[in-house]
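J.: This structure is in structure tokens; I'll ask about it shortly.
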Amino acid sequence: MQIPTWPRADEREAELLRMVLDSPQWGGFHPFVAEFERSFAAYQHCRYGIGAMNGSVTLELALEVLGIGPGDEVIVPAISFITTATAVSRAGATPVFVDIEADSYNIDPHRVREAVTPKTKAVIPVHFGGVICDVKALLEICREYDLVLLEDAAHAHGSEHDGKRAGSFGLVGSFSFQNGKVLTAGEGGMLVTSDDSFAERARSIANCGRVPGRSFYEHHALGTNFRLSALHAAILVAQFERLPEQILQRETNLRILKNLTGDIKEIVWQIQSPEQTQNAHYLVTGRADCGTRNEFCRRLAAAGVPVTPFYPHTLYQNPVYQREKCRVMPCPIAETRIHDSFWLSHRAFLAPQETIQEIADALRAAVSASRVSVLS
Ligand SMILES: Cc1ncc(COP(=O)(O)O)c(C=O)c1O
Numbered sequence: 005m006q007i008p009t010w011p012r013a014d015e016r017e018a019e020l021l022r023m024v025l026d027s028p029q030w031g032g033f034h035p036f037v038a039e040f041e042r043s044f045a046a047y048q049h050c051r052y053g054i055g056a057m058n059g060s061v062t063l064e065l066a067l068e069v070l071g072i073g074p075g076d077e078v079i080v081p082a083i084s085f086i087t088t089a090t091a092v093s094r095a096g097a098t099p100v101f102v103d104i105e106a107d108s109y110n111i112d113p114h115r116v117r118e119a120v121t122p123k124t125k126a127v128i129p130v131h132f133g134g135v136i137c138d139v140k141a142l143l144e145i146c147r148e149y150d151l152v153l154l155e156d157a158a159h160a161h162g163s164e165h166d167g168k169r170a171g172s173f174g175l176v177g178s179f180s181f182q183n184g185k186v187l188t189a190g191e192g193g194m195l196v197t198s199d200d201s202f203a204e205r206a207r208s209i210a211n212c213g214r215v216p217g218r219s220f221y222e223h224h225a226l227g228t229n230f231r232l233s234a235l236h237a238a239i240l241v242a243q244f245e246r247l248p249e250q251i252l253q254r255e256t257n258l259r260i261l262k263n264l265t266g267d268i269k270e271i272v273w274q275i276q277s278p279e280q281t282q283n284a285h286y287l288v289t290g291r292a293d294c295g296t297r298n299e300f301c302r303r304l305a306a307a308g309v310p311v312t313p314f315y316p317h318t319l320y321q322n323p324v325y326q327r328e329k330c331r332v333m334p335c336p337i338a339e340t341r342i343h344d345s346f347w348l349s350h351r352a353f354l355a356p357q358e359t360i361q362e363i364a365d366a367l368r369a370a371v372s373a374s375r376v377s378v379l380s
């Protein structure tokens with residue numbers, strides 16, 4: 005199959021990297037860093053962007069700025085990448101794991117409400133695979149109990165609900181530019197916010213406690229160095245130029261794939277709200293109701309489709325949370341999804357349209373073969 009590799013670069017990355025290499029500044033003070041912070045934050049409908057080394061330290065930085073620590077609880081979904089939860093633990097606070105919705109794979113606001121206690125300080129929803137959470141319900145809960153909404157938007161560059169982009173719903177949004185993401189420099193991250201004092205404090209902590217207008221060796225906050233490098237920013241500026249077009253291509257190709265496979269009842273795709281106006285489609289997630297999910301994925305992979313049989317664990321089933329303090333609410337849906345679900349990489353949807361037909365054929369063949377393997 006003609007599925008492009010990821011990440012991919014061309015002469016534009018080489019040109020911008022050369023500009024950095026030819027300059028006396030390869031670190032976080034090159035103008036490319038500020039330029040990318042400004043333009044990416046604006047793209048996500050926020051006033052400020054604070055670049056950082058990755059999308060794990062951005063979560064830790066956000067929690068630090070919020071003053072969340074020992075004795076506090078933070079509600080997180082049972083399904084995500086591990087650092088959504090470990091950021092909370094590393095801050096000294098307790099992650100509280102709650103279940104996801106059966107069809108959106110996103111944190112269930114009803115379960116969030118049940119998990120709130122007087123110790124709860126924040127909720128960290130993840131826009132899973134690019135599908136925006138039920139932000140309206142989550143914001144209502146946050147308002148009612150005076151909680152901070154910190155969006156883990158690591159999957160949701162460009163994702164949009166009713167014209168408003170990921171990261172702009174809560175006080176702050178956290179993005180990752182890690183190797184597999186739809187916008188990547190191999191590593192990288194950013195906090196986006198429109199809150200002046202949050203931005204000021206986050207920028208200072210991430211930059212060794214410096215404050216604008218004061219001298220380089222004057223440090224006001226107990227900060228550290230989380231800065232994004234100019235080399236990463238150069239790649240991100242180039243990649244970002246292609247993001248809007250790539251999102252449109254993925255949206256079109258996924259629509260075609262869903263039309264071609266609409267009659268396959270055994271594949272149940274992740275559902276987004278009708279109010280979602282754009283989707284990054286970082287992970288095209290679905291359920292394989294054909295018998296064995298693993299056999300289905302094995303056959304798809306053998307046909308050349310970039311597929312992953314979901315996360316092997318809920319977050320709290322990871323060895324780290326057999327040891328670390330946490331609170332686990334009942335999560336029957338998350339525990340089911342780890343056995344029946346899969347995702348296709350976003351790069352499959354940057355393929356030419358003939359390849360989308362081949363992916364549809366491979367899905368059909370994998371469903372019937374795994375159905376047969378169960379019956380026989
Ligand atoms: C939901 C989520 N949160 C946080 C992260 C952490 O980002 P990074 O790998 O840039 O540290 C990732 C991905 O890697 C992620 O998928």
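Under my numbering, the letters of the sequence shown match residues 5 to 380, in that order.
Here a beta-carbon is modelled for each residue, glycine too, at the ideal position from N, C-alpha and C.
For clarity, every value in this text was computed on a predicted model and none was experimentally measured.
Distance check for A158 and I136, CA to CA, integer angstroms please.
T.: By 1-based counting over the sequence shown, the position of residue 136 is 132. By 1-based counting over the sequence shown, the position of residue 158 is 154. Using only the alpha carbons, I get a separation of about 12 Å.
J.: Kindly indicate which three-state DSSP category I239 falls into: helix, strand or coil?
T.: Along the sequence shown, one-based indexing puts residue 239 at 235. Looking at I239 - three-state DSSP - the assignment turns out to be helix.
J.: CA-CA distance, V272 and D344?
T.: The sequence position of residue 272 within the sequence shown is 268, counting from 1. The sequence position of residue 344 within the sequence shown is 340, counting from 1. The alpha-carbon atoms of V272 and D344 are separated by roughly 10 Å.
J.: Can you give me the C-alpha to C-alpha distance between L354 and Q243, rounded to a whole angstrom?
T.: Counted from its first residue, the sequence shown places residue 354 at position 350. Counted from its first residue, the sequence shown places residue 243 at position 239. Rounded to the nearest angstrom, the two C-alpha atoms are 14 Å apart.
J.: Which stretch, first to last residue, makes up the beta strand (DSSP E) that contains F292?
T.: For the purposes of this step, residue 292 is identified with residue 288 of the sequence shown, where counting begins at 1. Residue 292 is actually Ala in this sequence, not Phe. Unbroken beta strand (DSSP E) run through A292: L287 to A292.
J.: Looking at F314: is its Cβ nearer than 8 Å to the Cβ of A370?
T.: Residue 314 sits at position 310 when you count from the first residue of the sequence shown. Residue 370 sits at position 366 when you count from the first residue of the sequence shown. No; because the gap between Cβ atoms is not below 8 Å, this pair is not in contact.
J.: Work out the CA separation of I251 and V332 for me, nearest whole Å.
T.: Here residue 332 refers to the residue found at position 328 of the sequence shown. Here residue 251 refers to the residue found at position 247 of the sequence shown. If I take the Cα positions, the gap works out to 36 Å.
J.: Need the endpoints of the alpha helix (DSSP H) that I342 sits in, please.
T.: Mapped onto the sequence shown, residue 342 falls at position 338. Note, I342: alpha helix (DSSP H), P336 to D344.
J.: With the cut-off set at 8 Å, would you say I111 and P129 are in Cβ contact?
T.: Position 107 of the sequence shown, counted from the start, is the residue given in the question as residue 111. Position 125 of the sequence shown, counted from the start, is the residue given in the question as residue 129. Yes, these two residues count as a Cβ contact at 8 Å.
J.: What is the chain-ordered set of residues for which the beta carbon lies under 6 Å from any non-hydrogen atom of ligand 1?
T.: Chain-ordered list of matching residues: N58, G59, S60, S84, F85, T87, T88, V130, D156, A158, H159, S180, Q182 and G193.
J.: Under the three-state reduction of DSSP, which class applies to R331: helix, strand or coil?
T.: Within the sequence shown, numbered from 1, the residue matching residue 331 stands at position 327. It is a strand residue.
J.: Would you call Q29 buried or exposed, if buried means 16 or more other Cβ atoms sit within 10 Å of its Cβ?
T.: Counting from 1 along the sequence shown, the entry for residue 29 is found at position 25. Exposed, since its Cβ has fewer than 16 Cβ neighbours within 10 Å.
J.: Using the Cβ count rule (16 or more neighbours within 10 Å means buried), how would you classify N58?
T.: Translated into positions along the sequence shown, residue 58 becomes position 54. Under this definition N58 is a buried residue.
J.: Where V127 and V116 are concerned, what is the direct C-alpha to C-alpha distance, given to the nearest angstrom?
T.: Start at 1 with the first residue of the sequence shown, and residue 127 comes out as number 123. Start at 1 with the first residue of the sequence shown, and residue 116 comes out as number 112. Approximately 8 Å between the Cα atoms of the pair.
J.: By how many angstroms is the C-alpha of R259 removed from the C-alpha of A284?
T.: Along the sequence shown, read from residue 1 onward, the residue named residue 284 stands at position 280. Along the sequence shown, read from residue 1 onward, the residue named residue 259 stands at position 255. If you take the alpha carbons of A284 and R259, they lie about 13 Å apart.
J.: Going by CA-CA distance only, name the one from P113, P334 and G177 that's closest to L67.
T.: By 1-based counting over the sequence shown, the position of residue 67 is 63. Looking at the Cα atoms, G177 is the closest of the given residues.
J.: If you check the beta carbons only, do A206 and I54 fall under 8 Å apart?
T.: Your numbering for residue 206 matches position 202 in the sequence shown. Your numbering for residue 54 matches position 50 in the sequence shown. Yes, Cβ-Cβ distance for A206 and I54 is below 8 Å.
J.: Per DSSP, which residues does V180 bridge with? Please list them.
T.: Here residue 180 is taken as the residue at index 176 of the sequence shown, counted from 1. With the sequence shown as reference, residue 180 is identified as Ser, and Val is not the correct amino acid for it. Per DSSP, G193.
J.: Q280 by DSSP, collapsed to three states: which one?
T.: Within the sequence shown, numbered from 1, the residue matching residue 280 stands at position 276. Note: Q280 maps to strand in three-state DSSP.
J.: Assuming A141 and P113 make a contact with CB atoms under 8 Å, what is their CB distance in whole Å?
T.: Residue mapping note: residue 141 aligns to position 137 of the sequence shown, counting from 1. Residue mapping note: residue 113 aligns to position 109 of the sequence shown, counting from 1. Confirmed, Cβ separation roughly 4 Å.
J.: How many Å lie between T289 and W347 at the Cα?
T.: Locating residue 289 in the sequence shown gives position 285, counting from the first residue. Locating residue 347 in the sequence shown gives position 343, counting from the first residue. The alpha-carbon atoms of T289 and W347 are separated by roughly 4 Å.
J.: Leaving out five residues on either side along the sequence, give the residues of the same chain with a beta carbon under 6 Å from the beta carbon of G308.
T.: Along the sequence shown, read from residue 1 onward, the residue named residue 308 stands at position 304. M5.
J.: Is it buried or exposed, V92, if we count other Cβ atoms within 10 angstroms and call 16 or more buried?
T.: Counting from one through the sequence shown, the residue named residue 92 turns up at place 88. That one is buried.
J.: Could you check how far apart the C-beta atoms of I363 and L247 are, in whole angstroms? I think they sit under 8 Å.
T.: As a position in the sequence shown, residue 363 is number 359, starting the count at 1. As a position in the sequence shown, residue 247 is number 243, starting the count at 1. Not confirmed; about 22 Å, so no contact.
J.: Just reading off the alpha helix (DSSP H) that Y47 is part of, what are its end residues?
T.: Numbered from its first residue, the sequence shown carries residue 47 at position 43. Run containing Y47: P35 to Y47, per the alpha helix (DSSP H) assignment.
J.: For S172, does the three-state DSSP call read helix, strand or coil?
T.: As a first step, residue 172 must be located in the sequence shown, where it is residue number 168. Looking at S172 - three-state DSSP - the assignment turns out to be coil, as it is neither helix nor strand.
J.: So, with DSSP's three-state summary, where would you put A126?
T.: Within the sequence shown, the letter at position 122 stands for residue 126. Looking at A126 - three-state DSSP - the assignment turns out to be strand.
J.: So which of D150, H350 and E255 has the shortest CA-CA distance to G174?
T.: Here residue 174 refers to the residue found at position 170 when the sequence shown is read from its first residue. Checking every option, the nearest Cα to that of G174 belongs to D150.
J.: Under 8 Å Cβ to Cβ from S172, same chain only, skipping five residues before and after it: list those, please.
T.: Start at 1 with the first residue of the sequence shown, and residue 172 comes out as number 168. Q48, H49, C50, V196 and S198.
J.: Enumerate in chain order the residues of its own chain whose CB-to-CB distance from R254 is below 7 Å, with the five nearest sequence positions on each side excluded.
T.: The residue you call residue 254 lines up with position 250 of the sequence shown. Contacts found: H285, H350, F353 and L354.
J.: Between the stretch 65 to 83 and the stretch 96 to 104, are three or more C-beta pairs nearer than 8 Å?
T.: The stretch 65 to 83 vs the stretch 96 to 104: in contact.
J.: So Y109 and Q274 are supposed to be a Cβ contact under 8 Å. How far apart are they, rounded?
T.: As a position in the sequence shown, residue 109 is number 105, starting the count at 1. As a position in the sequence shown, residue 274 is number 270, starting the count at 1. Yes, they are in contact, since the Cβ atoms of Y109 and Q274 sit about 5 Å apart, within 8 Å.
J.: Suppose contacts are defined by Cβ-Cβ distances below 8 Å. Is I86 in contact with R341 by that definition?
T.: The residue labelled residue 86 in the question sits at position 82 within the sequence shown. The residue labelled residue 341 in the question sits at position 337 within the sequence shown. No, the Cβ-Cβ distance between I86 and R341 is not below 8 Å.
J.: Please classify A18 as buried or exposed, where buried requires at least 16 neighbouring CB atoms within 10 angstroms.
T.: Taking the first residue of the sequence shown as position 1, residue 18 is located at position 14. With fewer than 16 Cβ atoms within 10 Å of its Cβ, A18 is classed as exposed.
J.: Flag this pair as yes or no: are the beta carbons of V24 and F36 separated by less than 8 Å?
T.: Along the sequence shown, read from residue 1 onward, the residue named residue 24 stands at position 20. Along the sequence shown, read from residue 1 onward, the residue named residue 36 stands at position 32. Contact: yes.
J.: Suppose the cutoff is 6 Å on Cβ atoms and the five residues either side in sequence are ignored; what does the same chain contact list for A238 look like?
T.: As a first step, residue 238 must be located in the sequence shown, where it is residue number 234. Same-chain partners within the cutoff: L20, L21, V24 and F36.
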